[in-house]
Amino acid sequence: AVLIYAARLWRPSGNPAASAKGCMRANDRAFNVQAFHSVGQSTLPGFVVVGAHYPHDIHVPILKDAIAKVRKATGYERVLFIADTNQEQGTSIDVAEALEIPGASNAQTSPMYESCCYKTKDGFKWDFDRIITNFGKITTSTLMDDPVPSWAAISLHKGVHV
Numbered sequence: 037a038v039l040i041y042a043a044r045l046w047r048p049s050g051n052p053a054a055s056a057k058g059c060m061r062a063n064d065r066a067f068n069v070q071a072f073h074s075v076g077q078s079t080l081p082g083f084v085v086v087g088a089h090y091p092h093d094i095h096v097p098i099l100k101d102a103i104a105k106v107r108k109a110t111g112y113e114r115v116l117f118i119a120d121t122n123q124e125q126g127t128s129i130d131v132a133e134a135l136e137i138p139g140a141s142n143a144q145t146s147p148m149y150e151s152c153c154y155k156t157k158d159g160f161k162w163d164f165d166r167i168i169t170n171f172g173k174i175t176t177s178t179l180m181d182d183p184v185p186s187w188a189a190i191s192l193h194k195g196v197h198v
């Protein structure tokens, strides 16, 4: 999982223990957990970003442990979670609670957009793609790639923007 960020505003932590990456299943379902700190004008000192592509199971102890490791190494409690959760049931709060994100029960989440998947049997009917944060406030959000771009390939997910 690749994290793209505004380098003029944020930098990955230089602490080697402030990042973790791997797969939730053997050579499958990537994740990336990275602590960032401000280099710009932000009053936010730092936070942990999680990018993940889940299996079809909410219980992923390797990801939960990676988030806990990075939080412990940095002391950061703030978490921004961005993922294709592949969760057919449950809420974004359920996902945050399963990962033991601090303040999960009060987390801010993007709406449950039907963003998955292009050119599949049922089309865009799954709401797997989530943005969850335990800090700040999500005031607006949009479903991107509507209409679907001409270059889209099978299984494309529409982007979620907050």
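All you need for the numbering used here is the position in the sequence shown, starting with 1, plus 36. A virtual CB, placed ideally from N, CA and C, is assigned to each residue, including glycine.
Among the candidates Asn170, Gly172, Trp162, whose CA atom is the shortest distance from the CA of Gly195? For the residues Asn170, Gly172, Trp162, the minimum Cα distance to Gly195 belongs to Trp162.
Can you tell me which of the three DSSP states Ile40 falls into? Looking at Ile40 - three-state DSSP - the assignment turns out to be coil, as it is neither helix nor strand.
Cross-strand partners of Gln70 (DSSP beta bridge): Paired residues: Ser55, Val85.
Give the secondary structure of Ile137 by DSSP, where H, G and I count as helix, E and B as strand, and everything else as coil. Coil at Ile137, not helix or strand.
What span of residues does the alpha helix (DSSP H) with Asp101 cover, start to end? Note, Asp101: alpha helix (DSSP H), 97-110.
Between the segment 48-58 and the segment 69-78, can you find at least three pairs of beta-carbon atoms closer than 8 angstroms? Two segments are said to touch when three or more pairs of C-beta atoms, one from each, lie closer than 8 angstroms; by this definition the segment 69-78 touches the segment 48-58.
Is the separation between the beta-carbon of Asn68 and that of Gly87 shorter than 8 angstroms? Asn68 places its beta carbon less than 8 angstroms from that of Gly87.
How do the segment 76-85 and the segment 116-131 stand: do at least 3 beta-carbon pairs fall below 8 angstroms, yes or no? Counting C-beta pairs closer than 8 angstroms gives three or more between the segment 76-85 and the segment 116-131, which meets the contact rule.
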